[in-house]
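What follows is a set of notes on a single structure, which appears directly below.
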Amino acid sequence: MGNPFDLSGRAAIVTGANTGLGQALAVALAQAGADIVAVGRSAMDETQGLVAAAGRRCHAIKADLSTIAPVSAIVEETLATFGRLDILVNNAGIIRRADAVDFTEEDWDAVIDTNLKSVFFLCQAAGCHMLAQGAGKIINIASMLSFQGGIRVPSYTASKSGVAGLTRLLANEWAGRGVNVNAIAPGYFATNNTAALQADETRNRAILERIPAGRWGQPADLGGAAVFLASRASDYVHGHILAVDGGWLAR
Ligand code: NAP
7 MGNPFDLSGR AAIVTGANTG LGQALAVALA QAGADIVAVG RSAMDETQGL
57 VAAAGRRCHA IKADLSTIAP VSAIVEETLA TFGRLDILVN NAGIIRRADA
107 VDFTEEDWDA VIDTNLKSVF FLCQAAGCHM LAQGAGKIIN IASMLSFQGG
157 IRVPSYTASK SGVAGLTRLL ANEWAGRGVN VNAIAPGYFA TNNTAALQAD
207 ETRNRAILER IPAGRWGQPA DLGGAAVFLA SRASDYVHGH ILAVDGGWLA
257 R
């Protein structure tokens with residue numbers, strides 16, 4: 007049967023793959039054998055170099071996922087480039103911070119559109135192809151705020167709680183048809199997304215004191231979970247939200 011974690015010959019779309027967690031997810035999948043379609047609004051040169059160093063191909067697609075306009079073209083271009091689509095990682099996401107009483111409609115819509123609406127329609131577009139071929143792996147990037155309320159991030163909490171619900175809904179509809187839909191919920195990871203928290207000495211100390219592992223996550227810490235959920239090893243895992251959090255939720 008070979009290595010159940012082997013992704014050789016598979017093609018994976020990773021959104022927001024130019025930096026942070028998305029880049030690490032793309033590299034981990036490539037190191038396990040997958041070719042990568044790196045989707046985002048910024049240049050993918052660094053990620054393309056890292057994927058090439060892992061011996062795999064990386065095709066970049068420029069797309070702004072604040073609307074669903076590019077969604078069907080992303081799937082079509084993937085199929086035209088690699089002739090297949092086996093894995094979708096919905097990673098691109100944004101956060102806006104303000105007290106609930108001051109929160110604007112713009113900050114609400116921007117986060118929900120990118121983190122939830124585009125995620126659903128990318129799942130739909132990739133899912134249609136995967137259902138037709140009777141196989142596929144979808145991994146949505148959730149958050150601790152898929153389980154907890156958070157503070158001063160109402161649209162982010164709503165979006166990531168929504169991602170968890172959506173992951174379960176899609177698993178219910180597609181598990182019997184060969185498509186696995188799961189999510190990874192990262193704890194506190196050192197990326198651009200959390201730069202403000204890391205720079206705030208008081209918040210930084212409070213966060214570190216609460217993490218049993220005693221450190222921020224590094225993007226590469228997510229790789230194993232992604233390879234597992236993208237591979238044959240997880241064929242009977244459906245609708246699961248896998249926390250990779252240094253023990254944060256266990257506290
Ligand atoms: P990041 O460094 O800010 O990366 C976010 C990625 O999303 C970037 O590639 C960004 O592209 C892309 N993106 C944002 N808006 C986009 C748009 N409209 N169209 C296309 N791409 C867009 O943050 P990160 O920490 O790696 O976050 C990745 C995911 O993990 C997000 O969904 C985030 O919510 C989630 N997450 C992060 C943490 C954490 O502790 N870091 C914890 C839980 C969940 P640009 O570089 O062009 O902006």
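Its first residue numbered 7, the sequence shown is counted upward by one per residue in this note's numbering.
The beta-carbon is built from N, C-alpha and C at its ideal position, and this holds for glycine as well.
What do you reckon, are the CB atoms on residue i and residue j nearer than 8 Å?
i: R174; j: G245; result: yes
i: I190; j: L122; result: no
i: V107; j: S165; result: no
i: A23; j: Q29; result: yes
i: N97; j: T21; result: yes
i: G133; j: I145; result: no
i: V233; j: A34; result: yes
i: F127; j: I74; result: yes
i: G252; j: G156; result: no
i: I101; j: Y162; result: yes
Using 7 Å as the cut-off, classify the Cβ of residue i as near or not near the heavy atoms of the ligand NAP, replying yes or no.
i: G22; result: yes
i: I101; result: yes
i: A40; result: no
i: I247; result: no
i: N97; result: yes
i: F195; result: yes
i: R209; result: no
i: D70; result: yes
Label residue i either buried or exposed according to how many other C-beta atoms from any shown protein chain fall within 10 Å of its C-beta, with 16 as the threshold for buried.
i: R257; result: exposed
i: C64; result: buried
i: R62; result: buried
i: I19; result: buried
i: T154; result: The question names Thr, yet the displayed sequence has Gln at residue 154. With fewer than 16 other Cβ atoms within 10 Å, it is exposed.
i: D227; result: buried
i: R3; result: Not covered by the structure: residue 3. The range shown for the chain is 7 to 257.
i: Q54; result: buried
Give the single residue among the options whose Cα lies nearest to the Cα of residue i.
i: M7; options: S237, D115, L94, Q130; result: S237
i: Q130; options: R103, A32, R90, A177; result: A177
i: P10; options: A219, R103, S240; result: S240
i: L235; options: V185, Q54, L56, Q139; result: V185
i: A138; options: N198, R158, G182, F195; result: G182
i: Y242; options: A196, T84, D51, N188; result: N188
Review point. Counting pairs of Cβ atoms below 8 Å between the stretch 28–46 and the stretch 65–74, do you hit three or more?
Key: The answer is yes - the stretch 65–74 touches the stretch 28–46, with three or more Cβ pairs under 8 Å.
Practice item. For the stretch 208–217 and the stretch 137–149, state whether three or more C-beta atom pairs, one from each stretch, are separated by less than 8 Å. Key: Contact between the stretch 208–217 and the stretch 137–149 is not established, with fewer than three Cβ pairs separated by less than 8 Å.
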